[in-house]
Amino acid sequence: MYLEQQKRLEARLRAILERKYDVVPEKIALEQPPNLAFGEFASPVAFDLARRLKKAPRKIAEEVIAELTPLEGFQSFEVAGAGYINAKLNRATALGSIARGEELAAPAETGSHVLVEHTSINPNKAAHIGHLRNAILGDTFVRLLRAAGERVDVQNYIDNTGVQVADIVVALMHLEGYDLAGVARLVADLAARGERLDYFCWNLYARVSEWYESAAELKDERKEIRLRTLHELEQGGNDAAAVAELISTAVLRRHLETMERLGIEYDFLPRESEILHLKFWDLAFEQLRAKGVLYLETEGKNRGCWVMPRAGAGRPDEAGDAASDPAGPDEDAKIIVRSNGTVTYVGKDIAYHLWKFGVLGRDFGYAPFYRYGDREAWISTEHGVADHPHFGGAAAIYNVIDSRQSDPQANVVEALRGLGFSEAAAHYTHFSYEMVALTPRCALELGYAVTEEDRQRPYIEVSGRKGFGVKADDLIDRMIAAAQEEVDSRHPARSPQERERIAQEIAIGALRYFMLKYTRNSVIAFDFAEALSFEGETGPYVQYAVVRARNIFRKAGVEPEAALASLETAPLAEPALLHGEQGDEIWEVWLAASKLSLVLEQCIATTEPAYLAKHTFQLAQLFNNFYHRHHILTEQDPERKRLLLATAAVVERSLVRGLDWLGIAAPERM
RNA sequence: GCGCCCGUAGCUCAGCUGGAUAGAGCGAUUGCCUCCGGAGCAAUAGGCCGGGAGUUCGAAUCUCUCCGGGCGCACCA
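Under my numbering, the first residue of the first sequence carries the number 26, and numbering increases by one thereafter.
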């Protein structure tokens, strides 16, 4: 993962500190100096030592440097500022290391089994831009984990028996008057006309939400229909459940198609219907009750419910039995089983997560559901097929869920901990992110009625219930159209098929980059002008840098690999080419290109893909700058030309790989 | 009321475990095609990093507090 030189410097620093000052630092801090003039690495260790040794940091730095020199691969060391130890690499040697791809060496397979859950859209309407952020973040993180050698299963949880699906069933059967056969015909008709079912449901869902509220005197009656329908779905074996199955399955297929346009695939689609029918909850309840995580409330407003104390709600362990607490019932406790005996969402989620960690004691049935060229996405069923892969039983899980759900997520972790699965609880990560909202301007542009109050806000929350938002496929369509227009005008001579493929790669690159460039806890105030931009800090900008590099190799008739290999067989004869003003510029590009693995590691440690997006942009920027200052093909000095070509090659390699981890293709032309 | 997130240039956002002159994109102004394609490059203007206090050799970054904005806290999912 790192350059040999860096490892060597760290080891030597550690040895010096131990021998000379008798301190054993946990980690040797190595930073990247703000300016190349300070060298390639800088260590602030002298500052820490200064306090402990009551000695001036500069003095310590000098002493350390005296012991550092000489060090293989390094040219010199010096004290700078208040006591930094700055290290300068032997650039020509380091160049060889980078050209060989030393720091890119594939990491060893960790063997651990990681599970990432993302997307998880209610299968009752079209996916919107908020879902896109979720799926793109999740998919990118999966790519990062796999790049780091993890074995990852991707799951997309399908809540096919929840209120949202129930609402659509109510809309079809009560509002529209369809029966089961009628719904089947409707689905077939829409498909025959090439209409998107999820779009049809988008409008229907907004209408039924309105219907519940519209007539005051009928409100209770309509809510009653909804509740009854929900129970019918949970029980199964009736027409309402059959309609739900029909619609949710068809909408799910649409969601998978939408995501496939963005290169997003899943391994397993666990459904809530199986969690119910296979009675996952019964097993979870046994464990929860036996371990005293749940208790039956006998007093107060939660009387008759099985509840769980909330995390951080005082001393749950101490009293042992919170119900007998002299202070009275814990009214703030989380209800897991209602007084009517039904299980809440959190309860089902606890059972599901016990399965994820392989400690439930029961498995799903599996059946193939959706084909991706050479592989299959499996779905849960009650009985399943005999021959199937096994999912679940993960060592670590990541749940990509927006930050609004952090409370229920915390409840699940608390339950795991209460059951004694502290290892599992410690490897449960809520991969949280903020929502995508619309700017008031964007809402008006789309023709929505915006209240005066909303107009004053920085952004307005998207709402599927109100039908307020930008549908994922609409955005993708618009982006492809915009890219297509550009490609058509730039490459009229290319075949329509090729132009279309390039336009798609650019559009997807722009969309994925747009969703990834914001850090997770920043709310995205969506605006078409920004999303549709292909200039500046965008995916196409990075793609374009790759295209430029490739154009050079095409014209030169050289392969990038050969340009790099040339530095391995014959090291740079004139190290001076890497020094001076021009040399610094070139060397800076190499250094940035070599940081890819470091960035990958950082992205995983902080569950933040945005760092990689930023990094690829910065590298592309450095390269574009380099491209304008150094004209490669007309370079007369052969040794210098060899260096310039290799520079383009190392950038091309690094960018293509980084983009691949982001799920962004690098076109041959654009 | 309690919890979580945010407040950095006109706008949208970066700023890694506190560290060397606070960065980028967009927008504005001005340049750059005898050149590997300009989806590009260069330059200029623009910031008491929301206010205050504290910790530290050193704070945009950590702690407290106040102000402003967002989102959660249901026998909904």
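Built from N, CA and C at the ideal position, the CB exists for glycine as well.
query, result
"Have a look at Glu315 and Ser298 and give me their C-alpha separation to the nearest angstrom.", "The amino acid occupying residue 315 in the given sequence is Ala; Glu does not appear at that position. Taking the straight line from one Cα to the other gives about 26 Å."
"Under 7 Å between the Cβ atoms of Ile361 and Trp331?", "yes"
"Label Arg340 either buried or exposed according to how many other C-beta atoms from any shown protein chain fall within 10 Å of its C-beta, with 16 as the threshold for buried.", "Note on Arg340: pLDDT 37, under 50, position unreliable in the model; the coordinate value appears next. It counts as exposed."
"Going by alpha carbons, who is nearest to Ala206 out of Pro596, Ala269, Tyr182 and Glu282?", "Ala269"
"Would you tell me roughly how many angstroms separate the C-alpha atoms of Val83 and Ala71, rounded to the nearest one?", "The amino acid at residue 83 is misidentified as Val; the sequence shows Arg. Cα to Cα, Arg83 sits roughly 7 Å from Ala71."
"Go through its chain and collect everything with a Cβ distance to Phe416's Cβ below 6 Å, but skip five positions before and after it.", "Asp178 and Phe293"
"For the alpha helix (DSSP H) holding Asp47, just list the boundary residues, first then last.", "No alpha helix (DSSP H) contains Asp47, which DSSP labels as neither H nor E."
"Taking the alpha-carbon positions, what's the Ile549 to Ser101 distance?", "46 Å"
"Provide the residue(s) that pair with Trp403 in DSSP beta bridges, ordered along the chain.", "Phe293 and Pro393"
"Answer yes or no: do His655 and Leu669 have a C-beta to C-beta separation smaller than 7 Å?", "yes"
"Is it the case that the Cβ atoms of His138 and Gly494 are separated by a distance below 7 Å?", "no"
"Check whether the stretch 138-152 touches the stretch 113-125, taking contact to mean three or more Cβ pairs, one atom from each stretch, closer than 8 Å.", "no"
"Given that a residue counts as buried once 16 or more other Cβ atoms are within 10 Å of its Cβ, and exposed if not, what is Pro692?", "buried"
"I think Val567 touches Leu385, with their Cβ atoms under 8 Å apart; what is that distance to the nearest whole Å?", "With 8 Å as the limit, Val567 and Leu385 do not qualify as a contact, their Cβ atoms being about 44 Å apart."
"Between which two residues does the beta strand (DSSP E) containing Thr454 stretch?", "Tyr453 to Tyr458"
"Rounding to the nearest angstrom, what Cα-Cα distance links Gly174 and Glu257 in this structure?", "45 Å"
"Alpha carbons only, please: which of Tyr569, Tyr370, Asp662 and Thr406 is nearest the one belonging to Leu597?", "Asp662"
"Tell me the rounded alpha-carbon separation between Glu343 and Val438.", "Confidence at Glu343 is low in this model, with a pLDDT of 37, below 50, so the placement of that residue is unreliable and no value is reported for it."
"Indicate whether Glu56 and Ala40 have their beta-carbon atoms separated by less than 7 Å.", "no"
"Using a Cβ-Cβ cut-off of 6 Å (strictly less than) and excluding sequence neighbours within five positions of Ala671, which residues of its own chain qualify?", "Ala588, Leu589 and Leu592"
"Ignore the nearest five residues each way along the sequence and tell me which others in Ala338's own chain have a CB closer than 8 Å to its CB.", "In this predicted model, Ala338 has a pLDDT of only 48, less than 50, meaning its place in the structure is not dependable; the value taken from the coordinates is given anyway. Hits under 8 Å: Asp355, Asp357 and Ala358."
"With H, G and I counted as helix, E and B as strand and the rest as coil, what does DSSP make of Arg545?", "coil"
"Using a Cβ distance threshold of 8 Å, determine whether the stretch 305-322 contacts the stretch 179-194, with at least three qualifying pairs required.", "no"
"Would you kindly work out how many angstroms separate the C-alpha atoms of Gly564 and Ala638, rounded to a whole number?", "9 Å"
"Could you spell out the range, first to last residue, of the alpha helix (DSSP H) harbouring Arg335?", "Neither: Arg335 is in no alpha helix (DSSP H) and is coded neither H nor E."
"By how many angstroms is the C-alpha of Ala231 removed from the C-alpha of Glu238?", "11 Å"
"The alpha helix (DSSP H) with Asn649 in it runs from where to where?", "Ala635 to Arg654"
"Just verifying my parser: in three-state terms, what is the DSSP assignment at Val437?", "helix"
"Please specify which runs of the alpha helix (DSSP H), each continuous and at least 4 residues long, are wholly inside the stretch 553-619, giving them in chain order.", "553-556, 564-581, 585-594 and 605-618"
"Taking the continuous alpha helix (DSSP H) assigned at Phe72, which residues delimit it?", "Val70 to Leu78"
"Please tell me whether Glu407 and Gly390 are closer than 7 Å, where the distance is taken between their beta carbons.", "yes"
"Please tell me whether Leu602 and Gly608 are closer than 7 Å, where the distance is taken between their beta carbons.", "yes"
"Going by other Cβ atoms of all chains shown within 10 Å of its Cβ, with 16 needed for buried, is Gln189 buried or exposed?", "buried"
"What distance in whole Å lies between the Cβ atoms of Ile123 and Ala618, which are believed to be in contact at a cut-off of 8 Å?", "7 Å"
"Between the alpha carbons of Ala497 and His156, how many angstroms are there, rounded?", "8 Å"
"Taking 6 Å as the limit between beta carbons, can you name the residues of its chain near Ile527, skipping five residues before and five after?", "Val512, Pro692 and Met695"
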